[in-house]
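*Asks:*
Chains as they are written, first to last, in the numbering used here: chain A, 27 to 314; chain B, 27 to 314.
1. Closer than 8 Å between beta carbons: that is the criterion. Which residues of the stretch 268-280 of chain B meet it against chain A?
2. Taking just the CA atoms, how far does residue 98 of chain A sit from residue 91 of chain A?
3. Are any of the Cβ atoms in chain A nearer than 9 Å to that of residue 133 of chain B?
4. Is the CB-CB distance between residue 253 of chain A and residue 268 of chain A below 9 Å?
5. Give me, in chain order, the residues of the same chain whose beta-carbon lies closer than 6 Å to that of residue 274 of chain B; leave out the 5 immediate sequence neighbours on both sides.
6. Among A:189, A:176, A:110, which has the Cα closest to the Cα of residue 320 of chain A?
7. Taking only the alpha-carbon atoms, compute the straight-line gap between residue 40 of chain B and residue 50 of chain B and give it to the nearest angstrom.
8. Say whether chain D places a C-beta atom closer than 9 Å to the C-beta of residue 209 of chain B.
9. Under 7 Å Cβ-Cβ, which residues of chain B neighbour residue 190 of chain A?
10. Using a Cβ-Cβ distance under 9 Å, would residue 216 of chain B count as near chain A?
11. Against residue 14 of chain A, what residues of chain B qualify as contacts under a CB-to-CB distance less than 7 Å, listed in chain order?
12. Do residue 302 of chain A and residue 282 of chain A come within 9 Å of each other at the CB atom, strictly closer than that value?
13. Does the distance from the C-beta atom of residue 195 of chain A to that of residue 156 of chain A stay below 9 Å?
14. What does residue 44 of chain B reach in chain A if we use C-beta pairs closer than 9 Å?
15. Let me know the secondary structure DSSP gives residue 190 of chain B once reduced to three states.
16. Using a Cβ-Cβ cut-off of 9 Å, state whether residue 314 of chain B counts as contacting chain A.
17. Is it a yes or a no for the stretch 254-263 of chain A touching the stretch 227-241 of chain A, going by three-plus beta-carbon pairs under 8 Å?
18. From B:67, B:299, B:95, pick the residue whose C-alpha is nearest to that of residue 85 of chain B; which is it?
19. Could you compute how far the alpha carbon of residue 294 of chain B sits from the alpha carbon of residue 212 of chain B?
20. With 16 as the cutoff for other CB atoms within 10 Å, does residue 38 of chain B come out buried or exposed?
21. At the level of alpha carbons, what is the spacing between residue 67 of chain B and residue 138 of chain B?
22. Which of the residues in the stretch 145-156 of chain B, read from start to end, lie with their CB under 7 Å from any CB of chain A?
23. Contact defined as beta carbons within less than 8 Å: I believe residue 175 of chain B pairs with residue 209 of chain B. What is the distance between those atoms, to the nearest angstrom?
24. Can you tell me the Cα-Cα spacing of residue 222 of chain B and residue 42 of chain B, whole angstroms?
25. Which of the three DSSP states is assigned to residue 109 of chain B in this structure?
26. If you pair each beta-carbon of the stretch 158-165 of chain B with each one of the stretch 67-77 of chain B, do three or more pairs fall below 8 Å?
27. Using the beta-carbon count (16 or more within 10 Å), is residue 69 of chain A buried or exposed?
28. Using a Cβ-Cβ distance under 9 Å, would residue 50 of chain A count as near chain B?
29. Identify the continuous beta strand (DSSP E) that holds residue 69 of chain B and give its terminal residues.
30. Determine the DSSP secondary structure at residue 243 of chain A, reduced to helix, strand or coil.
31. What's the C-alpha gap between residue 249 of chain A and residue 170 of chain A?
32. When DSSP labels each residue in this structure, what does residue 118 of chain A get in the three-state scheme?
33. Considering only the beta carbon of each residue, do residue 29 of chain A and residue 105 of chain A sit closer than 9 Å?
34. Given residue 53 of chain A, which residues of its chain have a CB within under 6 Å of its CB, disregarding the five upstream and five downstream residues?
35. Under the rule that 16 or more other beta-carbon atoms within 10 Å means buried, what is residue 133 of chain A, buried or exposed?
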């Protein structure tokens with residue numbers, strides 16, 4: 027496994043790989059790798075000749091009060107995880123390498139950003155698309171891997187690729203779950219015992235909502251309200267949002283007659299958990 | 027010479043060329059090709075294995091009152107010129123091919139845009155960088171060719187490539203001139219006989235300004251005023267602007283101690299002419 031710090035070197039390497047006819051799978055991360063990342067790496071490893079993983083804590087996607095300085099880091103751990111799972115190259119740039127000058131050209135996300143988690147994180151997705159546009163041009167991947175746990179991020183990356191014709195295939199990877207259905211998250215350790223027992227109700231509530239559609243209910247409000255009631259009954263958590271939107275457009279729908287996402291965010295005492303399910307107008311799961 | 031209309035086909039072609047180890051020279055145009063374009067094509071032809079020329083009248087870079095609908099078109103002429111000068115592939119998309127949906131992610135140019143001609147064309151360079159980001163991803167050029175006649179555009183494209191790490195080399199091509207020094211332009215035909223006789227004074231004035239720097243004058247205001255006086259004496263045109271800025275940063279300078287651009291725009295009765303000269307702190311010409 028190679029570790030590169032410079033942009034030019036990675037671009038040159040990517041060019042060489044392409045000339046050799048090799049496909050490149052790309053997993054962009056902010057480091058501190060967990061099982062979700064391992065899943066992305068495994069998918070990339072399966073489908074590509076060469077796997078690049080980037081580790082860069084992107085200051086642009088942190089808002090005010092979001093603690094960039096205390097974002098956890100563990101390079102040795104990340105290198106070991108990467109090596110064990112077949113990463114070929116880690117791209118590990120500094121902030122000055124990625125942003126040597128203030129940007130002259132800025133990206134604004136005008137759709138898909140101001141719903142779900144994006145509503146409470148203004149500027150977050152601007153930072154995400156900016157760094158990804160750079161990373162796509164640096165690593166020149168054939169395929170790029172993103173977890174459906176953050177389905178809104180997948181939708182915004184999809185827009186980036188479509189709007190600007192990046193020659194990259196976006197591969198959404200299903201959320202990794204505990205045996206009881208709880209989406210895996212580094213935040214789960216902050217749940218109390220009782221909260222941990224209750225937390226699988228989030229996915230259960232979303233699946234119940236999906237089943238309502240499967241049984242012919244087309245009114246999004248009815249689905250949202252039933253899911254809300256379920257979560258209020260089954261957990262002590264405080265619901266941040268439950269939303270049902272078209273996917274990947276993330277627009278409100280009057281009737282469920284297309285692919286949609288049903289997503290929830292719930293505050294527990296010391297952790298905010300998110301989860302979602304994406305399904306079509308018949309309630310059949312599409313992704314995630 | 028091949029003519030492609032679809033994005034996928036061009037991307038596939040570009041991939042194939044890269045895999046064959048071939049370099050791609052790219053000349054983006056809005057069609058109605060003239061000698062300036064021919065010069066760009068010739069440069070691209072000299073330095074690359076394969077030459078792609080795009081013809082797309084980009085609605086995004088036209089402002090209000092700038093007449094998109096009456097922009098001149100002549101596809102047959104363009105195809106002939108391209109073929110004669112060794113273009114391998116013309117990319118000729120429709121508006122719907124390039125912009126099938128409203129953009130979810132928009133680019134804003136926050137530097138280098140609000141000076142020179144950009145001052146009177148708000149939104150123009152947003153349109154330019156948006157379409158170029160797309161075209162770079164579609165045509166995947168090794169080198170992209172732009173005329174120094176529009177030095178501000180070159181500076182903005184330089185920012186696009188630097189900020190987003192596009193794996194493209196920007197090649198600025200010197201302005202093509204008549205034998206008396208007047209920069210070639212499709213607008214020159216709109217000059218009266220007397221105006222045509224006077225018009226070379228623009229380049230003469232700029233060169234005079236450059237010589238002042240060569241002789242040790244470091245104060246930009248002194249250079250600008252002398253150039254203004256020269257143009258006012260030598261032409262009946264109305265000066266739109268004379269500016270001296272750092273290049274390619276396009277920032278005002280207090281002293282000339284770096285590469286700078288001295289640029290002018292002059293209104294004649296039925297034509298607005300622009301020209302520039304780029305030189306270093308010793309007055310030596312760098313480009314253009």
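Heads up, the beta-carbon is just placed ideally off N, CA and C, and yes, glycines get one too.
*Replies:* Taking the structure as given:
1. The residues in question: there are none.
2. The sequence position of residue 91 of chain A within the first chain is 65, counting from 1. The sequence position of residue 98 of chain A within the first chain is 72, counting from 1. Roughly 16 Å between the two C-alpha positions.
3. Stepping through the second chain from its first residue, residue 133 of chain B is reached at position 107. Chain A, which has a Cβ nearer than 9 Å to the Cβ of residue 133 of chain B, makes this yes.
4. Your numbering for residue 253 of chain A matches position 227 in the first chain. Your numbering for residue 268 of chain A matches position 242 in the first chain. The beta carbons of residue 253 of chain A and residue 268 of chain A sit closer together than 9 Å.
5. For the purposes of this step, residue 274 of chain B is identified with residue 248 of the second chain, where counting begins at 1. Within the same chain, and ignoring the five residues on either side of residue 274 of chain B in sequence, the residues whose Cβ sits closer than 6 Å to its Cβ are 181, 184.
6. Chain A is shown only over 27 to 314; residue 320 of chain A falls outside these bounds and no answer can be derived.
7. Along the second chain, one-based indexing puts residue 40 of chain B at 14. Along the second chain, one-based indexing puts residue 50 of chain B at 24. Distance from the CA of residue 40 of chain B to the CA of residue 50 of chain B, rounded to the nearest whole angstrom, comes to 8 Å.
8. In summary, chain D is missing from the structure at hand, where the protein chains are A and B.
9. Start at 1 with the first residue of the first chain, and residue 190 of chain A comes out as number 164. Per Cβ cutoff of 7 Å: 159, 160, 163.
10. To locate residue 216 of chain B, count along the second chain from 1; it is residue 190. Not an interface residue.
11. For chain A, the structure presents residues 27 to 314; residue 14 of chain A sits outside this window and is missing.
12. In the first chain, residue 282 of chain A corresponds to position 256, counting from 1. In the first chain, residue 302 of chain A corresponds to position 276, counting from 1. Not in contact: residue 282 of chain A and residue 302 of chain A (Cβ atoms no closer than 9 Å).
13. Along the first chain, one-based indexing puts residue 195 of chain A at 169. Along the first chain, one-based indexing puts residue 156 of chain A at 130. Not in contact: residue 195 of chain A and residue 156 of chain A (Cβ atoms no closer than 9 Å).
14. Working through the second chain from its first residue, we reach residue 44 of chain B at position 18. Those within 9 Å of residue 44 of chain B in chain A are 41, 44, 45.
15. The residue given as residue 190 of chain B occupies position 164 in the second chain. Helix at residue 190 of chain B.
16. If you number the second chain from 1, residue 314 of chain B lands on position 288. In this prediction, residue 314 of chain B has a pLDDT of 46, which is less than 50 and means its spatial position is unreliable; nothing more can be read from the coordinates.
17. Yes: at least three Cβ pairs fall under 8 Å.
18. Locating residue 85 of chain B in the second chain gives position 59, counting from the first residue. It is B:95 whose Cα lies nearest to the Cα of residue 85 of chain B.
19. Along the second chain, one-based indexing puts residue 294 of chain B at 268. Along the second chain, one-based indexing puts residue 212 of chain B at 186. It is roughly 14 Å from the alpha-carbon of residue 294 of chain B to the alpha-carbon of residue 212 of chain B.
20. On the second chain, residue 38 of chain B is found 12 positions in, with the first residue counted as 1. It is exposed - the Cβ of residue 38 of chain B has fewer than 16 other Cβ atoms within 10 Å.
21. Locating residue 67 of chain B in the second chain gives position 41, where the first residue counts as 1. Locating residue 138 of chain B in the second chain gives position 112, where the first residue counts as 1. If you draw a straight line from the Cα of residue 67 of chain B to the Cα of residue 138 of chain B, it comes to about 26 Å.
22. Under the 7 Å Cβ criterion, the stretch 145-156 of chain B contributes 155.
23. The residue given as residue 175 of chain B occupies position 149 in the second chain. The residue given as residue 209 of chain B occupies position 183 in the second chain. Confirmed, about 6 Å.
24. Indexing the second chain from 1 puts residue 222 of chain B at position 196. Indexing the second chain from 1 puts residue 42 of chain B at position 16. Going by the C-alpha atoms only, they are around 48 Å apart.
25. On the second chain, residue 109 of chain B is found 83 positions in, with the first residue counted as 1. Note: residue 109 of chain B maps to helix in three-state DSSP.
26. Too few Cβ pairs lie closer than 8 Å, so no.
27. Taking the first residue of the first chain as 1, we reach residue 69 of chain A at position 43. Residue 69 of chain A is buried by the Cβ-count criterion.
28. As a first step, residue 50 of chain A is located in the first chain; it is residue number 24 there, counting from the start. Closer than 9 Å: no.
29. Here the question's residue 69 of chain B lines up with position 43 in the second chain. Under the DSSP assignment, residue 69 of chain B falls outside any beta strand (DSSP E), being part of the alpha helix (DSSP H) whose first and last residues are 61-73.
30. For this step, residue 243 of chain A is matched to residue 217 along the first chain. Annotated three-state conformation of residue 243 of chain A is coil, per DSSP.
31. Position 223 of the first chain, counting from 1, holds the residue named residue 249 of chain A. Position 144 of the first chain, counting from 1, holds the residue named residue 170 of chain A. If you take the alpha carbons of residue 249 of chain A and residue 170 of chain A, they lie about 33 Å apart.
32. Walking along the first chain from the start, residue 118 of chain A turns up at place 92. Of the three classes helix, strand and coil, the one that applies to residue 118 of chain A here is coil, per DSSP.
33. What you label residue 29 of chain A is simply residue 3 of the first chain in a count that begins at 1. What you label residue 105 of chain A is simply residue 79 of the first chain in a count that begins at 1. The answer is yes: Cβ separation under 9 Å.
34. Along the first chain, one-based indexing puts residue 53 of chain A at 27. So the qualifying residues of the chain are 66, 67, 70, 79, 171.
35. Working through the first chain from its first residue, we reach residue 133 of chain A at position 107. Using a 10 angstroms sphere on the CB of residue 133 of chain A, the tally of other CB atoms reaches 16 or more, which defines it as buried.
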